[in-house]
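S.K.:
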Amino acid sequence: MAEIMRRKRFNEAHLRRRGLYTRPERPLYEASADDRVKDRIILAVGAITLILGLGPAFLMLPTHMEKQHRSAVANLRQARTEARELGEERRNELRIRARDIKMQSECNDRGAPSD
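Take the sequence shown: its letters are residues 1 to 115, numbered as in our numbering.
#1: Quick one: does residue 77 have its CB under 7 Å from some CB of chain B?
#2: My output table needs one value for residue 62: the three-state DSSP class, helix, strand or coil.
#3: Where residue 10 and residue 32 are concerned, what is the direct C-alpha to C-alpha distance, given to the nearest angstrom?
#4: Helix, strand or coil: how does DSSP classify residue 93 here?
#5: Identify whether residue 115 lies in helix, strand or coil by the three-state DSSP scheme.
#6: Could you have a look at residue 71 and say whether DSSP puts it in helix, strand or coil?
#7: Indicate, with yes or no, if the ligand PLP has a heavy atom lying under 6 Å from the CB of residue 5.
Structure representation (structure tokens):
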């Protein structure tokens, strides 16, 4: 802090010597005890507000992620079950169709006159 004040005085003296410094000397500001208390109260209220505002988001995040994960697992399980059932139905329909085609070709072979 002392170095900053020394540089400030040096700069002001330099500007005064050159005739560029027109700002009048002013008293150094010192906060009263009342101002310091007000500042601390404002900072405390701001910090508490920030904690209360953001705290629930961080506390609820793990439970929300767990709930979302369980939902995704249930949806995947359901999709796999439905896909398995659909595949089984398609295979059965293909077997029936192949059997019908085979029977039809056998009937055509029996009924056709041979040359």
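Every residue gets a Cβ at the ideal spot worked out from N, C-alpha and C, and that includes glycine.
M.R.: By the coordinates alone:
#1: Among the chains of the structure shown, chain B does not appear; only one protein chain is present.
#2: helix
#3: 28 Å
#4: helix
#5: Note on residue 115: pLDDT 48, under 50, position unreliable in the model; the coordinate value appears next. It is coil, neither helix nor strand.
#6: helix
#7: Absence of the ligand PLP from the depicted structure is noted, as is the absence of any ligand whatsoever, leaving it without description.
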